[in-house]
Amino acid sequence: MKTGFLKETKGKNHCRIVAFLLAVIIVSQQICTNSAFFSVTGQAAITMPIGGVIIADTIKVKKKVGGKSNLKDENGTVIVLKEGHDVTIEKKVSIEEANWYQITFEYGEHSYQGYVRKKKVSIVSAPKANKNSTLNDGKIEQDQKENDQEKEEDIEETTTEDDTTEDKTMTEGDITSSGEALGTETETQEEPVKILNEEEFEAVMAEQGFPESYLPYLRELHNLHPTWSFESYQTGLDWETVIKKQSKVGRNLVPSSKGVAWKSTAKGAYNWTKDTFTIFDGKTWVSASKKAIRYYMDPRNFLNEEGIYQFELLSYHSACQKKAGVATILNNTPMADKEYTYTDPDNGDTAKITYVDTFLKAAELSNVSPYHLASRVRQEVVTSATSFSNSANGTYSGYEGYYNFYNIGASDSAGGGAIAKGLTYAKKTDSTYLLPWTSPYRSIIGGALYIGKSYINKGQNTLYLEKFNVTPISTYNHQYMTNVEAAYSESLRIQTAYSELGESPLIFSIPVYDNMPETVCAKPKKGKNPNNWLKSLSITGYSLTPTFQAEEEEDTVYNLIVDNSVESIEINAESVSTLASISGIGEIELEEGENTCIVQVTAENGKIKEYTINIVREEEIE
198 MKTGFLKETK GKNHCRIVAF LLAVIIVSQQ ICTNSAFFSV TGQAAITMPI GGVIIADTIK
258 VKKKVGGKSN LKDENGTVIV LKEGHDVTIE KKVSIEEANW YQITFEYGEH SYQGYVRKKK
318 VSIVSAPKAN KNSTLNDGKI EQDQKENDQE KEEDIEETTT EDDTTEDKTM TEGDITSSGE
378 ALGTETETQE EPVKILNEEE FEAVMAEQGF PESYLPYLRE LHNLHPTWSF ESYQTGLDWE
438 TVIKKQSKVG RNLVPSSKGV AWKSTAKGAY NWTKDTFTIF DGKTWVSASK KAIRYYMDPR
498 NFLNEEGIYQ FELLSYHSAC QKKAGVATIL NNTPMADKEY TYTDPDNGDT AKITYVDTFL
558 KAAELSNVSP YHLASRVRQE VVTSATSFSN SANGTYSGYE GYYNFYNIGA SDSAGGGAIA
618 KGLTYAKKTD STYLLPWTSP YRSIIGGALY IGKSYINKGQ NTLYLEKFNV TPISTYNHQY
678 MTNVEAAYSE SLRIQTAYSE LGESPLIFSI PVYDNMPETV CAKPKKGKNP NNWLKSLSIT
738 GYSLTPTFQA EEEEDTVYNL IVDNSVESIE INAESVSTLA SISGIGEIEL EEGENTCIVQ
798 VTAENGKIKE YTINIVREEE IE
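Per the working numbering, numbering through the sequence shown is continuous, rising by one, with the last residue being 819.
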């Protein structure tokens, strides 16, 4: 791409015009929207720190941005920099609509750091090494509009008529340094990311309405990744109400291998008479406990480098989401470095394509992140490094030749019925989603179109919102995943992909609820068995009224009348759980009249359940 050259202008400072600017821009780091190139308007992203020169006659350096206090040397004398003094520009800072540079420079025999107005400095060379640099990898934007507003007549940067009409015109098909084809309109180019200083960041967080409890985590992430942006998603929902709704039995699931504290013991989720958890999907998935749901729904638990990606906006950004990242996600799966034969739906030709390229094509057509799509497929149908589940292997009995890589339509059903439901959906005819899904290609592409239309473009545009629908549309329902850990699990895979690609300017939309607890919700521990029920209860030689029924949760009071001659009875009981302990059994002496016997069952976790037996020993007849 041609960019043209800067024209020398009249004035005493024309020799200090940015002679090396173009070279600097071309070699700048090309990451996503920070790709360093001139647009039609001359806009550029510039990697900091970078060499600069003072272009004012004299200038005093400020201690703070916009401050009145001047920087002084070691002798207490105000530092005055003259025209032509070399500096290193560390970063750009904006305050009250005025733009400043943080600079470091040599003065006398010492190095100093301070702030000057942007219009008093000109960029002249590539980044300089500076031992006093405080921000070595920040990025700023060189905004031409700002330059036009701030420039002085003696430092005006323009182009010749020939440059404008020939060298700086981009036509359709020209390729930017980010590898994307551009049209003739400048709007097709994304703005470089603005790096916020500490004050700006705090102001933005306050404006976003993040609670104080969120801020320590967000500050840390900002320090680690200054190109990231954080937006609050104000749900307007009460926290406890959300937890209650999401705790509906079967709505959120965990593997049965999890500790007891992870699993719900609510009615319908747990059989107290058998000490077993109800299976809701496949052979191992049971309903999650409120404690587990609280933990995974509390965004503060995941405002870190591992969990943050579940809040990433899931649109497709070709400059950020690369082939290498998709390949990383597909490592150790049957799709890694694999190609397959497919029939092109447009022309009917048979060709070969890799799974990686399939996901990239799906992203292009659906405008959904290929990282999200690849992670979703891995989550749903990969069972080992070499095998798919029956949903995606094309061999399931009665559904041979059909594929459902995202398990769309596979509603939860015990005993594996979800697979059949998903493949029944795959057999439908709907050209919108390339149905029927008779090949991996049609399933991956068509499923991506479905996800884009049904979730991403309807506001469920993060992994978190796909898992926990707290949007105004179908609130608490229309949740893509039942695994309570799914959003976090996929976030880990996305993190791995991005780690291979370097720093990217990402946007995260983070939910905020009303009346949230001040402290973060704790992760469930393994827990201890909660069962404190009796399997059997009897008195040797006698029958209780009513007859003992283990299924009766509430009716734990029993009655017995015995003759006066009966001086003692023997109470027998067996707990449902072998981990529970029982007291109040064995031989019990009776007094004349009313006797109350209490049988206590103490669960492994310490919770006690009481069974009451009222025994009347008849009085002696004289």
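Note that the Cβ used here is the ideal one computed from N, Cα and C, for glycine as well. Fair warning: this is a prediction, and the values are worked out from it, not measured in the lab.
Beta-carbon gap between GLN507 and TYR568 smaller than 8 Å: no
DSSP three-state assignment for PHE302, whether helix, strand or coil: strand
Pick from LYS655, ILE252, ILE795, GLY619 that is closest to ASN590, judged by C-alpha positions: GLY619
Cα-Cα separation, VAL262 to TYR298: 8 Å
Best match in ASN601, GLU700, PRO708 for proximity to PRO669 [C-alpha to C-alpha]: PRO708
Sub-8 Å separation of VAL796 and ILE758 beta-carbons: no
Best match in SER308, ARG314, ASN544, LEU511 for proximity to LYS655 [C-alpha to C-alpha]: LEU511
Local Cβ density within 10 Å of ALA645, reported as buried at 16 or more and exposed below that: buried
Residue span of the beta strand (DSSP E) that contains PHE427, given as start and end: 426-435
Test item: CB-CB of TYR630 and GLY643 under 8 Å: yes
Coarse secondary structure for LYS806, derived from DSSP in three states: strand
Backbone CA spacing between THR583 and ASN529 [nearest angstrom]: 8 Å
Integer Cβ distance of ASN680 from LEU450, believed to fall under 8 Å: 6 Å
Best match in THR470, HIS675, LYS535 for proximity to TRP730 [C-alpha to C-alpha]: THR470
Alpha carbon of SER701 to alpha carbon of TYR513, nearest angstrom: 13 Å
Contact with chain C by ALA615, beta-carbon distance below 8 Å: No chain C is part of this structure, which consists of one protein chain only.
As assigned by DSSP and simplified to three states, the class of GLN405: helix
Supposed contact pair PHE474 and TYR466 - C-beta distance, whole angstroms, cut 8 Å: The identity of residue 466 in the sequence shown is Ala, whereas the question assumes Tyr. Yes, they are in contact, since the Cβ atoms of ALA466 and PHE474 sit about 7 Å apart, within 8 Å.
Residues that TRP297 bridges to, as DSSP identifies them: VAL290, ARG314
Range covered by the alpha helix (DSSP H) that runs through GLY643: 637-651
Span of the alpha helix (DSSP H) around GLN692: 683-696
Where the alpha helix (DSSP H) containing SER563 begins and where it ends: 552-563
Through-space distance from ILE505 to GLY376, alpha-carbon basis: Because GLY376 sits at a pLDDT of 28, beneath the cut-off of 50, its placement in the model cannot be relied upon, and the following sentence gives the value as read from the coordinates. Approximately 28 Å, taken between the alpha carbons.
Sequence ranges, beta strand (DSSP E) only - wholly within the stretch 728-783, length at least 3: 731-736, 754-759, 765-772, 778-780
Nearest neighbour of GLY248, chosen from VAL275, ILE286, ASP270, THR592 [CA to CA]: ILE286
Per DSSP, cross-strand counterpart(s) of GLU509: PHE705
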